Amino acid sequence: MAPFSSFSFLVVLLASIGCATACYTAIFGFGDSLTDAGNLIHLETDGSVPHMYFPPYGETFFGHPTGRCSDGRVILDIIAEHYGLAIPPPSLSRKAQTGGNNIRQGVNFAVVGSRALPAEFYEKLEIYDTVTNVSMRDQLHAFKDMIPSLCNSPSDCKNLLENSLFVLGEFGGNDYTHALLSGKDITVIRPFIPIVAHAIAEGAHKLIELGARTVMVPSVLPLGCAASYLTYYPSPNPEDYDDLGCLIWVNDMASYHNQLLQKELNLVRERHPYANIIYTDIFNAAMQIYDGPDTLGFSGGALRACCGGGGEYNFNPDLQCGDEGATSCPDPSTYVNWDGYHLTEAAYKLITKSLLDGTYTYPSMNDLCPTNGQVAQL
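With the numbering used here, the residue at position 5 of the sequence shown is 28, and numbering never jumps.
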């Protein structure tokens with residue numbers, strides 16, 4: 024692809040802007056730090072405030088930290104806005120807890136650090152999560168408990184669930200990240216990847232049993248391209264890196280998870296042929312950016328974090344974005360990576376656009392909810 028300026032790319036993006044069809048009446052999200060909009064702070068019983076609740080988090084869109092692990096919106100927010108829905112509030116926020124019209128258009132149950140499998144599974148393997156012990160199972164239980172406050176009658180609930188969009192994840196990234204951070208290597212992790220993939224698919228099955236009819240299930244991102252992984256696991260061997268500078272063994276781990284997840288989702292489709300179970304390939308949607316960041320306007324590059332505590336990739340686990348002493352780039356829209364683990368709003372917007380136009384969703388989101396080839400303003 025021939026290089027073109029960020030201005031030219033903006034023109035192309037603006038040319039695709041249109042009014043999205045109102046296919047869904049609500050959107051409900053589950054997942055980890057790729058989706059959380061502020062639930063983690065409500066779980067900090069000791070009064071501590073995680074680093075993502077300090078500036079410059081949230082600076083691009085909200086103008087202040089919200090608990091999102093980005094400079095602005097995350098994928099769930101952008102999908103909601105595309106379909107003409109309000110950005111779903113965190114499930115533990117006062118807005119969501121008071122119910123009523125505040126949650127008729129959806130709720131976000133995601134929590135930073137969440138894993139697909141429960142904590143007790145990992146504790147037997149001496150794997151610990153220092154952020155939270157909330158799992159996918161806990162989030163699904165919280166949703167089930169909230170259903171009575173979402174609707175006024177059984178028929179109303181049925182109508183709401185059938186006409187809502189459910190985004191189950193991303194899950195899996197923390198299952199593997201915290202295993203590695205607990206000192207386990209790939210020989211310990213690889214055997215439980217099929218268990219994680221199966222659990223996520225079972226989560227989709229449970230949502231459908233509750234009444235959902237359209238469930239998006241994201242893959243994991245290319246973790247081997249994250250500044251955090253590149254910092255934690257440097258190698259003196261150039262053969263451990265691909266042509267983009269990403270760690271091959273980490274992306275192979277992520278790809279194995281994604282392959283198994285697709286197979287598991289096929290089994291769920293056989294059980295529920297009337298439901299729309301959408302594999303959401305954020306791995307390859309992100310790889311298109313890593314493959315040519317300059318052509319897409321990311322002059323700051325793809326591998327180095329915009330906000331962090333220094334080092335080759337501007338990631339320091341002892342001095343993270345939001346901590347006193349960390350520094351941030353002047354324009355996050357020119358960077359792919361935000362804080363070492365997560366992406367900038369600009370990167371999330373491009374990923375989401377390629378999901379909504381059907382390029383990286385199977386079956387195609389655009390087939391399920393046609394928008395005449397147009398994607399709403401991001």
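Beta carbons are placed, not taken as given, at the ideal position from N, Cα and C, and that holds for glycine.
As the structure is a computational prediction, the values presented were derived from the model and not from experiment.
In DSSP terms, what residue 1 is bridged to: The structure shown does not extend to residue 1, since the chain is modelled only from 24 through 401, so no value can be given for it.
Complete runs of the beta strand (DSSP E) confined to the region 253-306 [at least 3 residues]: Correct list: 299-303.
Buried versus exposed call for residue 119 [16 or more other C-beta atoms within 10 Å across all chains shown]: Numbered from its first residue, the sequence shown carries residue 119 at position 96. Around the beta-carbon of residue 119, 16 or more other beta-carbon atoms lie within 10 Å, marking it buried.
Proximal residues to residue 235 (C-beta, below 6 Å), its chain only, five neighbours per side dropped: Stepping through the sequence shown from its first residue, residue 235 is reached at position 212. In the same chain as residue 235, and ignoring 5 residues on each side of it, the C-beta atoms closer than 6 Å to its own belong to 184 and 189, in chain order.
DSSP-derived helix/strand/coil call for residue 241: Here residue 241 refers to the residue found at position 218 of the sequence shown. Look at residue 241 here: in three-state DSSP terms it is strand.
Classification of residue 121 by the beta-carbon crowding that lies within 10 angstroms, buried from 16 upward: Stepping through the sequence shown from its first residue, residue 121 is reached at position 98. Here residue 121 is exposed: its Cβ has fewer than 16 other Cβ atoms, across all protein chains shown, within 10 Å.
Identity of the residue in 374, 133, 233 and 196 nearest residue 319 by Cα: Here the question's residue 319 lines up with position 296 in the sequence shown. Of the candidates 374, 133, 233 and 196, the one whose C-alpha sits nearest the C-alpha of residue 319 is 374.
Buried versus exposed, by CB contacts within 10 Å (16 or more), residue 384: Within the sequence shown, the letter at position 361 stands for residue 384. Answer is buried; the Cβ neighbour count reaches 16.
Straight-line gap, residue 249 to residue 178 (C-alpha atoms, nearest Å): Working through the sequence shown from its first residue, we reach residue 249 at position 226. Working through the sequence shown from its first residue, we reach residue 178 at position 155. So the alpha carbons of these two residues sit roughly 45 Å apart.
Buried or exposed by the 16-neighbour rule on C-beta atoms within 10 Å, applied to residue 237: If you number the sequence shown from 1, residue 237 lands on position 214. Classification for residue 237: buried.
Beta strand (DSSP E) segment containing residue 345, residue limits: Residue 345 sits at position 322 when you count from the first residue of the sequence shown. Counting along the chain, residue 345 falls outside any beta strand (DSSP E), and DSSP gives it neither H nor E.
Backbone CA spacing between residue 322 and residue 352 [nearest angstrom]: The residue you call residue 322 lines up with position 299 of the sequence shown. The residue you call residue 352 lines up with position 329 of the sequence shown. If you draw a straight line from the Cα of residue 322 to the Cα of residue 352, it is about 12 Å long.
Spatial distance of residue 232 from residue 345 (CA atoms): Sequence index remark: in the sequence shown, residue 232 carries index 209 (1-based). Sequence index remark: in the sequence shown, residue 345 carries index 322 (1-based). Approximately 41 Å between the Cα atoms of the pair.
Range of the contiguous alpha helix (DSSP H) that encloses residue 197: Along the sequence shown, read from residue 1 onward, the residue named residue 197 stands at position 174. 196-204 is the span of the alpha helix (DSSP H), which, as asked, contains residue 197.
Identified DSSP bridge partners for residue 366: Counted from its first residue, the sequence shown places residue 366 at position 343. The partner list for residue 366 (beta bridge, DSSP) reads 360.
Three CB pairs or more closer than 8 Å across the region 80-91 and the region 167-181: Cβ pair count under 8 Å is below three, so no.
Length of the line joining the Cα atoms of residue 269 and residue 263: Here residue 269 is taken as the residue at index 246 of the sequence shown, counted from 1. Here residue 263 is taken as the residue at index 240 of the sequence shown, counted from 1. Each residue's alpha carbon lies about 8 Å from the other.
Beta-carbon separation (whole angstroms), residue 114 vs residue 132, contact threshold 8 Å: Locating residue 114 in the sequence shown gives position 91, where the first residue counts as 1. Locating residue 132 in the sequence shown gives position 109, where the first residue counts as 1. Confirmed, Cβ separation roughly 5 Å.
Residue 148 and residue 219 closer than 8 Å at C-beta: Along the sequence shown, one-based indexing puts residue 148 at 125. Along the sequence shown, one-based indexing puts residue 219 at 196. Not in contact: residue 148 and residue 219 (Cβ atoms no closer than 8 Å).
Residue span of the beta strand (DSSP E) that contains residue 131, given as start and end: Looking up residue 131 in the sequence shown gives position 108. Note, residue 131: beta strand (DSSP E), 129-131.
DSSP three-state assignment for residue 138, whether helix, strand or coil: Residue 138 sits at position 115 when you count from the first residue of the sequence shown. It is a strand residue.
Straight-line Cα distance separating residue 315 from residue 25: The residue you call residue 25 lines up with position 2 of the sequence shown. The residue you call residue 315 lines up with position 292 of the sequence shown. Reliability fails at residue 25, whose pLDDT of 39 lies under 50, so the model's placement of it is uncertain and the value that follows must be treated cautiously. Taking the straight line joining both Cα atoms gives about 10 Å.
Touching by the beta-carbon criterion (3+ pairs, under 8 Å), the region 67-85 and the region 104-111: Touching, no.
Residue 224 versus residue 289 - alpha carbon distance: Taking the sequence shown and counting its residues from 1, the one referred to as residue 224 is at position 201. Taking the sequence shown and counting its residues from 1, the one referred to as residue 289 is at position 266. Going by the C-alpha atoms only, they are around 9 Å apart.
Nearest to residue 308 (by Cα), restricted to the options 74, 377, 169 and 216: Locating residue 308 in the sequence shown gives position 285, counting from the first residue. Of 74, 377, 169 and 216, the residue nearest in Cα terms is 377.
Residue 55 vs residue 134 beta-carbon contact at 8 Å: Translated into the one-based positions of the sequence shown, residue 55 becomes position 32. Translated into the one-based positions of the sequence shown, residue 134 becomes position 111. Closer than 8 Å, so yes.
CB contact flag (residue 252, residue 244, <8 Å): For the purposes of this step, residue 252 is identified with residue 229 of the sequence shown, where counting begins at 1. For the purposes of this step, residue 244 is identified with residue 221 of the sequence shown, where counting begins at 1. Cβ distance not < 8 Å, so residue 252 and residue 244 don't count as in contact.
Cβ neighbours of residue 140 in the same chain (closer than 7 Å, five flanking residues each side left out): Numbered from its first residue, the sequence shown carries residue 140 at position 117. Once the five neighbours on either side are set aside, the close Cβ partners of residue 140 are 158, 198, 218, 219 and 222.
Distance, residue 63 Cα to residue 347 Cα: Translated into the one-based positions of the sequence shown, residue 347 becomes position 324. Translated into the one-based positions of the sequence shown, residue 63 becomes position 40. Taking the straight line joining both Cα atoms gives about 20 Å.
Rounded Cβ spacing between residue 191 and residue 53 (contact assumed at less than 8 Å): Along the sequence shown, read from residue 1 onward, the residue named residue 191 stands at position 168. Along the sequence shown, read from residue 1 onward, the residue named residue 53 stands at position 30. Approximately 5 Å separates the beta-carbon atoms of residue 191 and residue 53; this is inside 8 Å, confirming the contact.
Backbone secondary structure at residue 113 - three-state DSSP: Translated into the one-based positions of the sequence shown, residue 113 becomes position 90. Strand at residue 113.
Contact under 8 Å by Cβ, residue 205 with residue 271: Residue numbering aside, residue 205 sits at position 182 when the sequence shown is read from its first letter. Residue numbering aside, residue 271 sits at position 248 when the sequence shown is read from its first letter. No, the pair does not count as a contact, with Cβ atoms beyond the cut-off.
Burial state of residue 281, where buried means 16 or more other Cβ atoms lie within 10 Å: Here residue 281 is taken as the residue at index 258 of the sequence shown, counted from 1. By the neighbour-count rule (16 or more Cβ atoms within 10 Å), residue 281 is buried.
Residue 56 in three-state terms, based on DSSP: On the sequence shown, position 33 is the one that residue 56 refers to. Shown here, residue 56 sits in coil according to DSSP, grouped into three states, outside any helix or strand.
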